[in-house]
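Going line by line, the protein sequences match chains W and G. FYI, the numbering for the first sequence is 20 to 324, going by our numbering. FYI, the numbering for the second sequence is 203 to 481, going by our numbering. Glycine included, every Cβ here is placed at the ideal spot set by N, Cα and C. Model, not experiment: these values are computed from the prediction. Contents: one structure, followed by commentary.
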Amino acid sequence: MPHPAIEIRDLHKRYGSFTAVNGLSLTVEQGDVYGFLGPNGAGKSTTIRMMMSLIAPSSGSIRIFGMDLNKDRSEILRRIGAIVERPDFYNYLSARRNLELLGRLSGTDVSKSATDRVLGMVGLGARAESKVKTFSHGMKQRLGIAQALLHSPDLIVLDEPTTGLDPHGMVDMRDLILELAADHKKTIFLSSHILPEVELTANRMVIINRGQAIIEGAVQDLLNAGRLKVTIETPEAQRALTLVQSTPLGRHVHSSTEATLILMLERQEISEVVALLTGAGLALHAVTPVRSLEEYFISLTREAK
Amino acid sequence: MILTAYRVEMSKIFSKWRTFIGFLALAVLIPIVVVGMSMQGEQFLNFATAGLKDNFEFTGHLLNGYAVSYFIFASLYLHVPFLITLVAGEVLAGEATSGTYRLLLTRPLSRATMVNAKFLATITYTFLLVVCMAVLSLSLGIGFLGTGEIFIIRQQITVLQADDLLWRFGYAYLWAFLAMATVSSVAFLCSSLVENAIGPIMTTMSVIIVMTIISAIDVPLFDYVRPLFFTNHMNSWKFFFDDPVKWDRIIPSFATLMLHIVGCFVATHIIVRRKDILT
Chain W
20 MPHPAIEIRD
30 LHKRYGSFTA
40 VNGLSLTVEQ
50 GDVYGFLGPN
60 GAGKSTTIRM
70 MMSLIAPSSG
80 SIRIFGMDLN
90 KDRSEILRRI
100 GAIVERPDFY
110 NYLSARRNLE
120 LLGRLSGTDV
130 SKSATDRVLG
140 MVGLGARAES
150 KVKTFSHGMK
160 QRLGIAQALL
170 HSPDLIVLDE
180 PTTGLDPHGM
190 VDMRDLILEL
200 AADHKKTIFL
210 SSHILPEVEL
220 TANRMVIINR
230 GQAIIEGAVQ
240 DLLNAGRLKV
250 TIETPEAQRA
260 LTLVQSTPLG
270 RHVHSSTEAT
280 LILMLERQEI
290 SEVVALLTGA
300 GLALHAVTPV
310 RSLEEYFISL
320 TREAK
Chain G
203 MILTAYRVEM
213 SKIFSKWRTF
223 IGFLALAVLI
233 PIVVVGMSMQ
243 GEQFLNFATA
253 GLKDNFEFTG
263 HLLNGYAVSY
273 FIFASLYLHV
283 PFLITLVAGE
293 VLAGEATSGT
303 YRLLLTRPLS
313 RATMVNAKFL
323 ATITYTFLLV
333 VCMAVLSLSL
343 GIGFLGTGEI
353 FIIRQQITVL
363 QADDLLWRFG
373 YAYLWAFLAM
383 ATVSSVAFLC
393 SSLVENAIGP
403 IMTTMSVIIV
413 MTIISAIDVP
423 LFDYVRPLFF
433 TNHMNSWKFF
443 FDDPVKWDRI
453 IPSFATLMLH
463 IVGCFVATHI
473 IVRRKDILT
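This is the structure in structure tokens:
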């Protein structure tokens, strides 16, 4: 049984009276694409900084591939590639030169073919010799991925990797994450507040808020939990609203317009609503149940507030 | 690992234009001074010796390369620290400003190794700047004006023969390296405390100015603190031009400057080790 890629136990980080991370525990198995979700200020970046030993935990433990971060820091960092928050580089150097210098510090091959390989993977092959100060934010983000992959790490920690990318870039990033996990057997720790990104790439996830894990599990299990957002399209939406509100289901009304009625329902309640409306002679053009992580995320983080 | 980190730091330092400001300033200033002295140096010497000509007769080749080099050394000695801090003040703070601490410290490189490598690179830059000053002033001075004896007026007048000078310059420049390494160490320490590169430059220069002013004020109260100021010992290079060399004054100054270097280096280690990288 291999060691988990990441084991965090009862992690705390306090700045004076402010607690940024409050007893966080999580386990990431090797081969997982693990979504690390939370609203802004939830403690995601602080946790990642502690995982990368950029800041010291106030208490708690972090083990990576079974090794204690306090004792085996160098060995652990040799096996991790990371983007931590903004992709900052030495702006006065070219993309290739940045990779060469960082690669040397990681003790890896920094030959032209090695840097070309990662620059090509992130679509920066043509700009290898350009100084980073001429790069857009999105290009720096791509270069951030390149430096994280350069030394072929086993664990890749990505903190908001699609920030600043255009839609094509976001799709490319998603494909790259899936490819790294499926073809190269990498473990990916993906921090994000963009929920579809996690929904489409991760197999497991945790949602944190105020430095605490609210819920952790398989993405599909979490998607199947809780209520569905059901959009009913009907030309008589106001009448439909009145009808639903006259029953106990009325408390599940989310919103309505002239042509739609949106309810938050359990799966078995959908047929009750449909029967109620069709029984009253309403024409229903569409009934669309959506299980979105976004809804789930918002409901959980709202509850936590 | 330290060697790799050192090479990386040297690459970074010598990829920045500000690194060359110091070399450029010396490459412009020293030739100007040498040419100026070769053209109108006699007038300068006449002015400098005006008060002595009633009692002494000056003969020989007084306007020579060694005399000009000595003059350049004494003139630039207090300005070079500014050129040093331009680089030394940015070595750590620059990483914070540009957000690249995160890149560096997520490599399998200990913080201690990073500090050692950066310190070594800073000292190397300092050494190269002093070597540049030495080579330019001596080669241009001797090239334009030849060699000759120099006379030094301090508490007493010392006349040093041409064949007795080169080794003294050698020691003086080694001392300059030690003094500038002290300035680098102070700037390096300041650089670890803040997250912008201007702060350490301003702070180091302020420290030098304040210490120099206090050292210059002849008040008994300052007699106790004056020996502790590194600025007070930076000028001990002059003792190499005494005959005989005043080792009894040089050795305590050497110890004080070394103490400052080691103190700043150790303090920087402690600060960086405890630092939370939040930028």
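Quiz item: Just to confirm, are residue 383 of chain G and residue 436 of chain G a CB contact at a threshold of 8 Å?
Solution: Here the question's residue 383 of chain G lines up with position 181 in the second sequence. Here the question's residue 436 of chain G lines up with position 234 in the second sequence. Their beta carbons are not under 8 Å apart, which means residue 383 of chain G does not touch residue 436 of chain G by this criterion.
Practice problem: Go to residue 268 of chain G, then tell me how far its alpha helix (DSSP H) extends in each direction, as first and last residue. | Solution: Reading the second sequence from its first residue, position 66 is the one you call residue 268 of chain G. Residues 267-278.
Self-check item: Three or more C-beta pairs below 8 Å linking the stretch 408-418 of chain G and the stretch 315-322 of chain G
Solution: no
Self-check item: Span separating the alpha-carbon of residue 110 of chain W from that of residue 58 of chain W
Solution: Locating residue 110 of chain W in the first sequence gives position 91, counting from the first residue. Locating residue 58 of chain W in the first sequence gives position 39, counting from the first residue. If you take the alpha carbons of residue 110 of chain W and residue 58 of chain W, they lie about 30 Å apart.
Quiz item: Got a sec: which bits of the stretch 165-179 of chain W sit with their beta carbon under 8 Å from any beta carbon on chain G, in order along the chain?
Solution: 166
Quiz item: From residue 425 of chain G to residue 460 of chain G, what distance separates their C-alpha atoms?
Solution: Against the second sequence, residue 425 of chain G aligns to sequence position 223. Against the second sequence, residue 460 of chain G aligns to sequence position 258. Computed Cα separation, rounded: 21 Å.
Quiz item: Skipping 5 residues on each side, what residues in its chain have a beta carbon closer than 6 Å to that of residue 224 of chain G?
Solution: Taking the first residue of the second sequence as 1, we reach residue 224 of chain G at position 22. Excluding five sequence positions before and after residue 224 of chain G, the CB atoms of its chain that fall closer than 6 Å to its own CB belong to 285, 331, given in chain order.
Quiz item: So, residue 62 of chain W versus residue 40 of chain W, is the Cβ gap smaller than 8 Å?
Solution: Locating residue 62 of chain W in the first sequence gives position 43, where the first residue counts as 1. Locating residue 40 of chain W in the first sequence gives position 21, where the first residue counts as 1. The answer is yes: Cβ separation under 8 Å.
Exercise. Let me know the secondary structure DSSP gives residue 198 of chain W once reduced to three states.
Key: Here residue 198 of chain W refers to the residue found at position 179 of the first sequence. The answer is helix: DSSP assigns residue 198 of chain W an H, G or I state.
Quiz item: According to a CB-to-CB cut-off of less than 8 Å, which residues of the stretch 66-84 of chain W neighbour chain G?
Solution: Here the close residues are 68, 71, 72, 73, 74, 75.
Exercise. Drop a sphere of 10 angstroms on the beta-carbon of residue 310 of chain G, count the other beta-carbons inside from all chains shown, and report buried for 16 or more, exposed for fewer.
Key: One-based indexing of the second sequence puts residue 310 of chain G at position 108. When all chains shown are included, residue 310 of chain G counts as buried.
Practice problem: For residue 298 of chain G, name the three-state secondary structure that DSSP assigns. | Solution: Here residue 298 of chain G refers to the residue found at position 96 when the second sequence is read from its first residue. Here residue 298 of chain G sits in helix by DSSP.
Self-check item: Neighbour flag for residue 60 of chain W against chain G, beta carbons, 8 Å
Solution: For the purposes of this step, residue 60 of chain W is taken as residue 41 along the first sequence, with counting starting at 1. So no, residue 60 of chain W is outside the interface.
Quiz item: Of the residues G:373, G:419, G:416, G:465, which one's Cα is nearest the Cα of residue 453 of chain G?
Solution: Locating residue 453 of chain G in the second sequence gives position 251, where the first residue counts as 1. Taking only the C-alpha atoms, the option nearest residue 453 of chain G is G:373.
Practice problem: Give, in chain order, every residue of the stretch 119-152 of chain W whose Cβ lies closer than 7 Å to some Cβ of chain G. | Solution: 120, 121, 123, 124, 125, 126
Exercise. Kindly indicate the opening and closing residues of the beta strand (DSSP E) around residue 77 of chain W.
Key: The count along the first sequence starts at 1 and reaches residue 77 of chain W at position 58. Boundaries cannot be given for residue 77 of chain W, as no beta strand (DSSP E) includes it and DSSP labels it neither H nor E.
Quiz item: Cα separation between residue 147 of chain W and residue 85 of chain W?
Solution: The residue you call residue 147 of chain W lines up with position 128 of the first sequence. The residue you call residue 85 of chain W lines up with position 66 of the first sequence. Their Cα atoms are separated by approximately 37 Å.
Self-check item: Residue nearest to residue 126 of chain W in terms of C-alpha spacing, selected from W:108, W:105, W:93, W:155
Solution: Numbered from its first residue, the first sequence carries residue 126 of chain W at position 107. For residue 126 of chain W, the nearest C-alpha among the options comes from W:93.
Exercise. With 8 Å as the C-beta to C-beta threshold (strictly closer), list the residues of the stretch 295-319 of chain G near chain W in chain order.
Key: 300, 301, 302, 303, 304, 305, 306, 307, 308, 309, 310, 311, 312
Practice problem: Kindly confirm or deny that the stretch 385-405 of chain G and the stretch 465-478 of chain G touch, where touching means at least three C-beta pairs closer than 8 Å. | Solution: Because the criterion of three Cβ pairs below 8 Å is met, the stretch 385-405 of chain G and the stretch 465-478 of chain G touch.
Self-check item: For residue 254 of chain W and residue 221 of chain W, believed in contact at Cβ under 8 Å, the rounded distance
Solution: Taking the first sequence and counting its residues from 1, the one referred to as residue 221 of chain W is at position 202. Taking the first sequence and counting its residues from 1, the one referred to as residue 254 of chain W is at position 235. Contact doesn't hold; Cβ gap of about 40 Å is too wide.
Quiz item: Which runs of the alpha helix (DSSP H) fall wholly inside the stretch 393-441 of chain G and span at least 4 residues, in chain order?
Solution: 400-418, 432-436
Quiz prompt | Assigned secondary structure, residue 228 of chain W (DSSP; H/G/I helix, E/B strand, else coil) | solution = Residue mapping note: residue 228 of chain W aligns to position 209 of the first sequence, counting from 1. Note: residue 228 of chain W maps to strand in three-state DSSP.
Quiz prompt | Bounding residues of the alpha helix (DSSP H) (the contiguous stretch that carries residue 322 of chain G) | solution = In the second sequence, counting from the first residue as 1, residue 322 of chain G sits at position 120. Note, residue 322 of chain G: alpha helix (DSSP H), 313-347.
Quiz item: Taking the beta strand (DSSP E) that residue 308 of chain W falls in, what are its first and last residues?
Solution: Taking the first sequence and counting its residues from 1, one reaches residue 308 of chain W at position 289. Where residue 308 of chain W is concerned, the enclosing beta strand (DSSP E) stretches over 305-309.
Quiz prompt | Through-space distance from residue 290 of chain W to residue 317 of chain W, alpha-carbon basis | solution = By 1-based counting over the first sequence, the position of residue 317 of chain W is 298. By 1-based counting over the first sequence, the position of residue 290 of chain W is 271. Straight-line Cα distance between these residues: approximately 25 Å.
Quiz item: Quick one, which residues of the stretch 215-230 of chain G are near chain W if we go by CB-CB under 7 Å, in chain order?
Solution: 217, 218
Practice problem: Within 10 angstroms of the Cβ of residue 115 of chain W, are there 16 or more other Cβ atoms? Answer buried if so, exposed if not. | Solution: Taking the first residue of the first sequence as 1, we reach residue 115 of chain W at position 96. Flag for residue 115 of chain W reads buried.
Quiz item: Whose C-beta lies closer than 6 Å to the C-beta of residue 177 of chain W among residues of the same chain, with five residues either side of it excluded?
Solution: For the purposes of this step, residue 177 of chain W is taken as residue 158 along the first sequence, with counting starting at 1. Hits under 6 Å: 102, 209.
Self-check item: Distance CB(residue 439 of chain G)-CB(residue 389 of chain G) smaller than 8 Å
Solution: Against the second sequence, residue 439 of chain G aligns to sequence position 237. Against the second sequence, residue 389 of chain G aligns to sequence position 187. Result no, Cβ atoms of residue 439 of chain G and residue 389 of chain G do not sit closer than 8 Å.
Quiz item: Enumerated in chain order, which unbroken segments of the beta strand (DSSP E) with a length of 3 residues or greater are wholly contained in the stretch 172-217 of chain W?
Solution: Within the stretch 172-217 of chain W, the complete beta strand (DSSP E) runs of at least 3 residues are 174-178, 206-211.
Quiz item: Nearest chain G C-beta to residue 103 of chain W closer than 8 Å, yes or no?
Solution: By 1-based counting over the first sequence, the position of residue 103 of chain W is 84. It does: the Cβ of residue 103 of chain W has a partner Cβ on chain G nearer than 8 Å.
Quiz item: Mind listing which residues of the stretch 104-116 of chain W have their C-beta closer than 8 Å to chain G's C-betas, in chain order?
Solution: 104, 105, 107, 108, 109, 110, 111, 112, 116
Self-check item: Distance between residue 73 of chain W and residue 213 of chain G (C-alpha atoms, nearest Å)
Solution: By one-based count along the second sequence, residue 213 of chain G stands at place 11. By one-based count along the first sequence, residue 73 of chain W stands at place 54. If you take the alpha carbons of residue 213 of chain G and residue 73 of chain W, they lie about 24 Å apart.
Quiz prompt | Distance between residue 455 of chain G and residue 328 of chain G (C-alpha atoms, nearest Å) | solution = Residue numbering aside, residue 328 of chain G sits at position 126 when the second sequence is read from its first letter. Residue numbering aside, residue 455 of chain G sits at position 253 when the second sequence is read from its first letter. Between residue 328 of chain G and residue 455 of chain G, the C-alpha separation is close to 19 Å.
Quiz item: Going along chain G, which residues have a C-beta under 9 Å from residue 96 of chain W?
Solution: Counting from one through the first sequence, the residue named residue 96 of chain W turns up at place 77. Here the neighbours are 307, 308, 309, 310, 311.
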